[in-house]
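Take a look at the structure below.
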Amino acid sequence: ELKSVTSLAPTTPRLARRSAFTLVELLVVIAIIGILVALLLPAVQAAREAARRTECTNNIRQTGLALMNYESSQKKFPFGATQRTTAGAGTDPTMFSWVSSLMPYVEEAALYSAVDWSIPLGQRNDNGDTSHHIPFETYVCPSSDPVGIVNNWYGARGNYAANAGIGFVWMNDVSPWQDCTNTQFGCSVRPFSSTDGPDVNWPRRNPEKPNSSLMRFGTFQVNRGRKMAEFIDGTSKTAAVCEVRTYEGTDTRGTLHFGAASMYMHDYVPNFKQLPDWTRYCAEGLANTECRSTEVTGGQWRGQWRQLARSSHPGGVNLLAVDGSVRFVPDDVDENVWKSYATPNGEENFGSL
32 ELKSVTSLAP TTPRLARRSA FTLVELLVVI AIIGILVALL LPAVQAAREA
82 ARRTECTNNI RQTGLALMNY ESSQKKFPFG ATQRTTAGAG TDPTMFSWVS
132 SLMPYVEEAA LYSAVDWSIP LGQRNDNGDT SHHIPFETYV CPSSDPVGIV
182 NNWYGARGNY AANAGIGFVW MNDVSPWQDC TNTQFGCSVR PFSSTDGPDV
232 NWPRRNPEKP NSSLMRFGTF QVNRGRKMAE FIDGTSKTAA VCEVRTYEGT
282 DTRGTLHFGA ASMYMHDYVP NFKQLPDWTR YCAEGLANTE CRSTEVTGGQ
332 WRGQWRQLAR SSHPGGVNLL AVDGSVRFVP DDVDENVWKS YATPNGEENF
382 GSL
C-alpha cells in the first residue's frame, strides 16, 4: 500500500518564537549605558578642557610675543596705565592701558590708528566712540564664559592682565610710584606680613617710597615703561602677564582699555578664595566671585584696585614671564615664590616656579 508523500516527508522542527526583552534585561542595558557615560564623560570633558587650556596658552604666548616686539621697537615695555598728568582736580585722568598700546603688535593696527588716543577715555565715550567695546580674541581665554562689555564707559573685557606688583593701584594717581598722599581719601593700605617663609616681614614696604599703595612695584606701572636692564632678578623669574576671571554684569575686572582693571597683583596665590578682589564695580550678588566694591560711606569711589590671578582652569593659572616663556602655575604654589615673581628687581631668593 502506497503511503502518502506527506507521511513520508521528514518532519521539520518548529522554530521557537523568541520573546521580547524583559524589563530586567532592559534595566540592565540602561544601567550599562549609564556606567559607560559616567566613565567616558569626565574623560571627554578633560580632553576638551586640555584643548581649551592649550589655546589659552597660545593666546598668552602671543601676548608675550607682542610685548617682545614692542620692547624691541620702543626700547622699553608699555605703560601699565596711561594717565593724563594735566587733569585737574575732579576730572577724569584715564587715557588707556597696556592692551591699547599693544594693538599694533597683535594685528589690530587699523583699529589703533582709527582712535585718537590723546582724548581721555570718558570724553571718547561721550563723543560716541565705541572702539573700546571691541573684544580681541587674543585676550580671551576659551575656558572662560563670554560676558560681553562691562558698560558703555568701561567697554570690553579680557582674561589676561599685567603684573602691577603687590598692593593696590590708585587710579587717580598719575605717578608710577603710587603715592597715596596724592589721592582724595589718603592711603589706607593694610599691613602685610607672611609667616610661611624665612623672612616673616617679606615683602617689606618699599623703603624709598613709604607712601606708596604698592608694597612692591611690578613689571607694569602707571605712566612708566620699564627697560630690560631693570629686570635684575632675571626675565624668566619675573611675571609679565597672568589670567584674571571675568563675570557677567557691570564687573570691571579684566577691562581691556582701563589701566587699573587691566592689571593684577601678587598679594596671594592664584585663585585665592579667602581674600576678595577690590574693584570699582563687581558681581557681588553672584556666587564664587571673590569680589568687593571699594566704596566708602556715601557711595564715594576710593579709586582703589586689587585683583588677584584667577582662571576658569581647574587647579591653577597660565603665567607669562618677561622672557616670553609660559607655564601653568598651580593654586598650591609656594606663597613666597609666587610673590617673588611680582618684582623685577627685588633680589629675592625663594626658588623658581
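Residues in the sequence shown are numbered from 32 upward in steps of one, following our numbering. Every residue gets a Cβ at the ideal spot worked out from N, C-alpha and C, and that includes glycine.
Taking a contact as a CB-CB distance under 8 Å, the pair Q338 and M296 counts as one, their CB atoms being some 7 Å apart. Our two residues, T116 and P124, have alpha carbons roughly 7 Å apart in a direct line. In this structure, DSSP gives I197 an extended state, which the three-state scheme calls strand. Going by C-alpha positions, R84 is about 26 Å away from G265. Boundaries of the beta strand (DSSP E) harbouring S324: C322 to S324, taken from the DSSP string.
Secondary structure note for G153: its alpha helix (DSSP H) is the uninterrupted segment L152 to D157. Beta-bridge analysis with DSSP links D210 to S243. The C-alpha of C87 lies about 21 Å from the C-alpha of T283. Looking only at L96, N380, L351 and A77, the smallest Cα-Cα distance to E138 is reached by L96.
The beta strand (DSSP E) runs lying completely inside the segment 86 to 123 and spanning 3 residues or more are 112 to 114, given in chain order. In the DSSP annotation of this structure, the continuous segment of the beta strand (DSSP E) that includes L351 starts and ends at G347 to A352. Residues of the same chain with a CB within less than 6 Å of the CB of S371, apart from the 5 flanking positions on each side, are E379 and F381 in chain order.
Note on geometry: alpha-carbon atoms of Y278 and V59 lie some 43 Å from one another. Between G196 and A373, the beta carbon gap of about 5 Å places them in contact (Cβ cut-off 8 Å). When secondary structure is reduced to three states using DSSP, V272 falls in the strand class.
Taking 8 Å as the cut-off, the beta carbon of S131 is found closer than this to the beta carbon of W148. Closest in C-alpha terms to M99, from the list I63, K258 and Q305, comes K258.
DSSP places V368 inside the alpha helix (DSSP H), whose first and last residues are E366 to S371.
Counting of Cβ neighbours within 10 angstroms places Q114 among the buried residues, the total reaching 16 or more.
The beta carbons of G111 and V253 sit closer together than 8 Å. Going by C-alpha positions, C322 is about 53 Å away from E56.
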